[in-house]
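Notes to accompany the following structure.
Protein chains in written order, with our numbering: chain A, 108 to 541; chain B, -10 to 285.
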């Protein structure tokens, strides 16, 4: 009994302490205008914030750099057109370090401290399981480029996926490999969730097309050596490798394959290869010629032309982004996402997330009689004129399905030795192999 | 069978790098009694130092490796003298010292990241024709790494066995107070241990970066766990045990990859746990000569 009394006494202190801390945070948040815009009062012109919630340090830092520049470029265009109903948009970075445990306090800090938070750009695939519930609770809409098929049928009104699910990437990989004449392939995926979500759908589509997976290897990332795995893959005599590996793993695996085999066999890789860290890691160890000849990436299509893309490219130049980022479909999608959210606020005539969130899909829907707009300024003018709009931005059509995912076609990307960047080739059919 | 022999060869290369790292780690622990978790970052810094000498001074790879080794020595000595020693002189507990080494590793990694960013670097070594040796496949570069590891470890063996410094290290490790009382300058001996440990960290870091093809600011740190495992396997503080641990872990992980690549680390650490169950002090417990509470 005495022990229980002690516990109860301690609990009371804990409750009191917790209440004081919570109250302090609320007061601090209110004093600084922090938190979602809907809770912060209205009236007058104030700066609204897009929280860029990504890894900015560690192995996945490229996610943060991509999202940061996408957001800054979109904010540049929005602000040049007078802001969102006169409110300037600013992008503020919050570093999750790519770690779901670190992401939680960072998200809480963002929710309390960000002034008039209207949207979140992020999080990464590794952070989203821990972060999404917090954002839902705070009723702040987020836009992501997470491939995880577990979110294919989610129903959260605050979840908006700007790029297709991995479940649609895998059929594209299978379709391309089979139609290149590779009827026997070895499958090499790293054991992380992002890569593993592609293997099952790939196998079913590829074997359904008539291909044979002669060796299936799931490798742990960032090992000191993959010599045995390479020997096993080569021993199965595949015509090509199909898979996904992070930059460091790919560099080690492919350099060891080159050592053992005297060169590479064709490697059909997921969109992971088009991320900014991949080619700089792999190119020095296999050579530019081999990277452009032997490695093909299957990634979402990006037309890289037209007025929407031109506006994006100019905005990227204005914010001094790396020129290669302007060729990245994920950066283009992030830029479009911020503009789409801003236009949803214009349509709803409110910066309150709980009000404008329902208007997000309306901005890009292919409604009959809608006026196609390519830039934020065009769109605002059309909205003011009372027209129904359809925004077709830098990354092309971004039509959200009922689960908040914007599926789009995949394309074949190859590495260009002259531009030392990935260049889009043939667009693959939608739902290939089905 | 041919696959097993192939994997044995691949395991030898990994084990050679691991052995240099594990011996460096355990040697320093043996003399100073400090579990230095910043060892991996010393490897990374040395790998970058070698990269700079190649990229800016256009040194060949072997000279660059010597530069990396020298950098490892200097860094190791500086950290020990400027950071660890003041803590030890104030009687900081062993657990707190481990936390200090963790803090040092974070500082080193993040300072390095300021300069290197999140980018990957490569020595850009030309491809080599593989050589077939007893059913195993090596490149000349890998054979050189195995040779370097063997030479380093043989050198250490000779040092411990036949030189005054080596004998002084063993005496200091065994009983520092007694060593001091017979006139051994233990402070210098400890400095020599830090230098040797730094040299091995440097060589392990550069050879690891060569073998991986590319490296970044996380490379050494991500290899630390297997280095510690090899050291623990052979009894921490016991250099010969660390070599044995490196061989077992390096080869076991490659052999496990034949069954399932996902089992690489599982096999290595299962072997470690089994050995520790049978011999909690590690494989060479009872023969340990280099373990004591030397602080200066």
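Think of the CB as a built atom: it goes at the ideal place given N, C-alpha and C, for glycine as much as any other residue.
Query	Result
Beta-carbon proximity of residue 324 of chain A to residue 338 of chain A, cut-off 8 Å	no
Neighbour list for residue 387 of chain A in chain B, Cβ cutoff strictly below 7 Å	108, 109
Under 8 Å from the C-beta of residue 152 of chain B: neighbouring residues of chain A	Chain A residues near residue 152 of chain B: none, gap ~32 Å exceeds 8 Å.
Residue interval of the alpha helix (DSSP H) (run including residue 212 of chain B)	208 to 222
Among B:48, B:131, B:141, B:18, nearest to residue 191 of chain B - alpha-carbon criterion	B:141
Residues that residue 105 of chain B contacts on chain A, provided the C-beta gap is smaller than 8 Å	Per Cβ cutoff of 8 Å: no residues; residue 105 of chain B is ~11 Å from chain A at best.
Partners in chain B for residue 430 of chain A, counting only beta-carbon separations shorter than 7 Å	Result: empty, since nearest Cβ-Cβ is about 16 Å, beyond 7 Å.
Alpha helix (DSSP H) runs contained entirely in the region 20 to 65 of chain B, provided each spans 4 or more residues	28 to 46
Alpha-carbon to alpha-carbon, residue 300 of chain A and residue 308 of chain A	14 Å
Any chain B beta carbon closer than 8 Å to residue 336 of chain A	yes
Which of helix, strand or coil DSSP assigns to residue 214 of chain A	helix
Separation of residue 244 of chain B from residue 334 of chain A, as counted between CA atoms	11 Å
Residue 323 of chain A in three-state terms, based on DSSP	strand
Beta-bridge pairing of residue 267 of chain A - partner residues as DSSP gives them	A:250
Delimiting residues of the beta strand (DSSP E) encompassing residue 270 of chain B	No beta strand (DSSP E) holds residue 270 of chain B; DSSP gives it neither H nor E.
Buried or exposed by the 16-neighbour rule on C-beta atoms within 10 Å, applied to residue 54 of chain B	buried
Under 8 Å between C-beta atoms of residue 208 of chain B and residue 36 of chain B	yes
Distance CB(residue 313 of chain A)-CB(residue 284 of chain A) smaller than 8 Å	yes
Contact residues within the region 366 to 397 of chain A, judged by C-beta distance below 7 Å to chain B	366, 367, 384, 387, 388, 391, 392
Burial state of residue 262 of chain B, where buried means 16 or more other Cβ atoms lie within 10 Å	exposed
Chain-ordered residues of the region 194 to 213 of chain A with a beta carbon less than 7 Å from chain B	none
Residue 490 of chain A: first and last residue of the uninterrupted alpha helix (DSSP H) it sits in	483 to 491
Residue(s) in a DSSP beta bridge with residue 295 of chain A	A:324, A:350
Pick from B:14, B:168, B:-5, B:0 that is closest to residue 330 of chain A, judged by C-alpha positions	B:0
Residue closest to residue 493 of chain A, alpha-carbon to alpha-carbon, out of A:454, A:193, A:465, A:500	A:454
Any C-beta of chain A under 8 Å from that of residue 207 of chain B	yes
Partner residues on chain B for residue 324 of chain A, Cβ-Cβ distance less than 7 Å	250
Residue 253 of chain B: contacting residues in chain A (beta-carbon distance under 7 Å)	327, 330
Residues sharing a beta bridge with residue 531 of chain A, DSSP	A:520
Per-residue burial, residue 379 of chain A [other beta carbons within 10 Å of its own, 16 or more giving buried]	buried
Residue 86 of chain B - DSSP class collapsed to helix/strand/coil	helix
Inter-residue spacing [alpha-carbon to alpha-carbon] between residue 138 of chain A and residue 508 of chain A	Confidence at residue 138 of chain A is low in this model, with a pLDDT of 41, below 50, so its placement is unreliable and no value can be given for it.
Between the CA atoms of residue 185 of chain A and residue 195 of chain A - distance to the nearest angstrom	8 Å
Contact set between the region 463 to 496 of chain A and chain B, restricted to residues whose Cβ is under 9 Å from the partner	none
Straight-line gap, residue 267 of chain A to residue 161 of chain A (C-alpha atoms, nearest Å)	15 Å
8 Å Cβ cutoff met for residue 517 of chain A and residue 408 of chain A	yes
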